[in-house]
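Taken in order, the sequence shown gives residues 0 to 84; the numbers are from numbering that gives the first Met the number 0.
Even glycine gets a Cβ: it sits at the ideal position worked out from N, Cα and C.
Please read all numbers here as calculations on a predicted model, not as lab measurements.
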Amino acid sequence: MLWWFTGLAELTMFVQVVFGVILVNRYDFEFPRFHAFYGFVGMIAIAIIYSYRFQMKHRLYLLYGLGGLFVMGLGLRALQLGTVP
């Protein structure tokens, strides 16, 4: 059951980045430079974590636990940079 929430959290990161790209391209929104950088790094990190799921099957909880903490840190950093004037 917990894996559904993990997948939902990872999918949410992808949706936020896609919506951000749409807003910037269609409506010319401006944002801090590193805000978008952390979003794309988060997407890449999720893809790397997902790609290692078979190699680290014996330590799957460790992989997703530490990977989730890393992605959470990226999200918090992007949020912090996005709200500073």
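Would you call the segment 42-50 and the segment 21-28 in contact, with 3 or more CB pairs under 8 Å?
No contact exists between the segment 42-50 and the segment 21-28.
Per DSSP, what kind of secondary structure is Arg52 in: helix, strand or coil?
Arg52: coil per DSSP, three-state reduction.
Does the beta-carbon of Ala46 have 16 or more other beta-carbons within 10 angstroms, so that it is buried, or is it exposed?
Looking at its Cβ environment, which holds fewer than 16 other Cβ atoms inside 10 Å, Ala46 is exposed.
Helix, strand or coil: how does DSSP classify Glu29 here?
Collapsing the DSSP output to three states places Glu29 in coil.
When you compare the segment 29-37 with the segment 67-79, are there three or more beta-carbon pairs, one atom per stretch, that lie closer than 8 Å?
Because the criterion of three Cβ pairs below 8 Å is met, the segment 29-37 and the segment 67-79 touch.
Determine the direct distance from the alpha carbon of Gln54 to that of Val14, and round the result to whole angstroms.
One C-alpha to the other measures close to 27 Å.
Do you know whose CA, among Phe30, Tyr49 and Trp3, lies nearest Val16's CA?
Out of Phe30, Tyr49 and Trp3, Phe30 has the C-alpha closest to the C-alpha of Val16.
Taking C-beta to C-beta, are Ile48 and Tyr63 nearer than 8 Å?
Annotated as proximal: Ile48 and Tyr63, with beta-carbon spacing under 8 Å.
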